[in-house]
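Its first residue numbered 29, the sequence shown is counted upward by one per residue in my numbering. From the three backbone atoms N, C-alpha and C, an ideal C-beta is built for every residue, glycine too. Computed from a predicted structure; not experimentally measured.
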Amino acid sequence: MLSQYDGHDGAAGMRIFALVSVILAVIATSVQLLSLRTALVGILLGLAMVTIAAIDADQFIIPDWLSLPAIPLGLLASGQLLHPDIDVIVDASHFVGAIAGGGSLWLISMLYYRWRHEVGLGFGDVKLAAAAGAWVGIEYFHIVLLLASGIALLSVAVTGVVRRQFPARTLAVPFGTFLAPSIWLVWVFTQTSTL
Numbered sequence: 029m030l031s032q033y034d035g036h037d038g039a040a041g042m043r044i045f046a047l048v049s050v051i052l053a054v055i056a057t058s059v060q061l062l063s064l065r066t067a068l069v070g071i072l073l074g075l076a077m078v079t080i081a082a083i084d085a086d087q088f089i090i091p092d093w094l095s096l097p098a099i100p101l102g103l104l105a106s107g108q109l110l111h112p113d114i115d116v117i118v119d120a121s122h123f124v125g126a127i128a129g130g131g132s133l134w135l136i137s138m139l140y141y142r143w144r145h146e147v148g149l150g151f152g153d154v155k156l157a158a159a160a161g162a163w164v165g166i167e168y169f170h171i172v173l174l175l176a177s178g179i180a181l182l183s184v185a186v187t188g189v190v191r192r193q194f195p196a197r198t199l200a201v202p203f204g205t206f207l208a209p210s211i212w213l214v215w216v217f218t219q220t221s222t223l
């Protein structure tokens, strides 16, 4: 029997299926790998990052209402909130990570703008990088950035091969789509490696 829906409805259905699958994977992974308190935080972080990734992929924007609260929440998650046995409210390396994360992407954005006279990296990405540093600390921020950049480059390359067309120099890539899930993945790794 032929579907009564056209191609756009089918594509939307596939996106919804993929989104639900990723959300279920975030929940299952958090529950399987983390303690109860940490799993709840991991699920909330994962849902926020999946939402950011989906919105950025669709609209090329990272909503402030998701990225900005992630900064103080990441800082709080580094201290006594999740680790009652330590005596600090916020781990200093996570505070430094937030500043270095946001600052490094802001610097890249400004240098690119001066060089090319066009925006290459939006401030939503800068804020999300600050959130990344807050969640994973300065020790693991570079891993988040490398993972996100590597997956973004791989995605562009695969898309080029599938379309049999070399990507244009001015191709717009929603970096938050790759940065957001990388934050969650590296954060989960840091939580499981210290258990």
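Q | Helix, strand or coil at Trp93 [DSSP, three-state] | A | In the sequence shown, residue 93 corresponds to position 65, counting from 1. Reduced to three states, the DSSP call for Trp93 is helix.
(Q) For the stretch 74-90 against the stretch 196-214, do three or more pairs of beta-carbon atoms, one drawn from each stretch, fall closer than 8 Å, so that the two count as touching? (A) yes
**Q.** Span of the alpha helix (DSSP H), counted from its first residue to its last, around Thr187
**A.** Working through the sequence shown from its first residue, we reach residue 187 at position 159. Note, Thr187: alpha helix (DSSP H), Phe151 to Arg191.
Q. Below 9 Å between beta carbons: does that hold for Ala200 and Ala162?
A. Here residue 200 is taken as the residue at index 172 of the sequence shown, counted from 1. Here residue 162 is taken as the residue at index 134 of the sequence shown, counted from 1. Contact flag unset, no.
Q. From which residue to which residue does the alpha helix (DSSP H) around Thr198 run?
A. In the sequence shown, counting from the first residue as 1, residue 198 sits at position 170. Neither: Thr198 is in no alpha helix (DSSP H) and is coded neither H nor E.
Q) Can you tell me the Cα-Cα spacing of Trp93 and Gly148, whole angstroms? A) Taking the sequence shown and counting its residues from 1, the one referred to as residue 93 is at position 65. Taking the sequence shown and counting its residues from 1, the one referred to as residue 148 is at position 120. Using only the alpha carbons, I get a separation of about 22 Å.
Q: Determine the DSSP secondary structure at Ile71, reduced to helix, strand or coil.
A: The sequence position of residue 71 within the sequence shown is 43, counting from 1. The answer is helix: DSSP assigns Ile71 an H, G or I state.
Q | Length of the line joining the Cα atoms of Leu9 and Thr220 | A | Given that the chain is displayed from residue 29 to residue 223, the structure contains no residue 9 and the question cannot be resolved.
Q | CA-to-CA distance, Leu110 to Pro91, given in whole angstroms | A | The residue you call residue 91 lines up with position 63 of the sequence shown. The residue you call residue 110 lines up with position 82 of the sequence shown. Going from the Cα of Pro91 to the Cα of Leu110 covers about 26 Å.
**Q.** Sequence-distant residues of its chain with Cβ nearer than 8 Å to Ala128 (five each side left out)
**A.** Counting from one through the sequence shown, the residue named residue 128 turns up at place 100. Contacts found: Gly161, Ile166 and Phe169.
Q.
Distance cutoff 9 Å, beta carbons only. Does Ser49 sit that close to anything in chain D?
A. The structure shown has no chain D; it contains just one protein chain.
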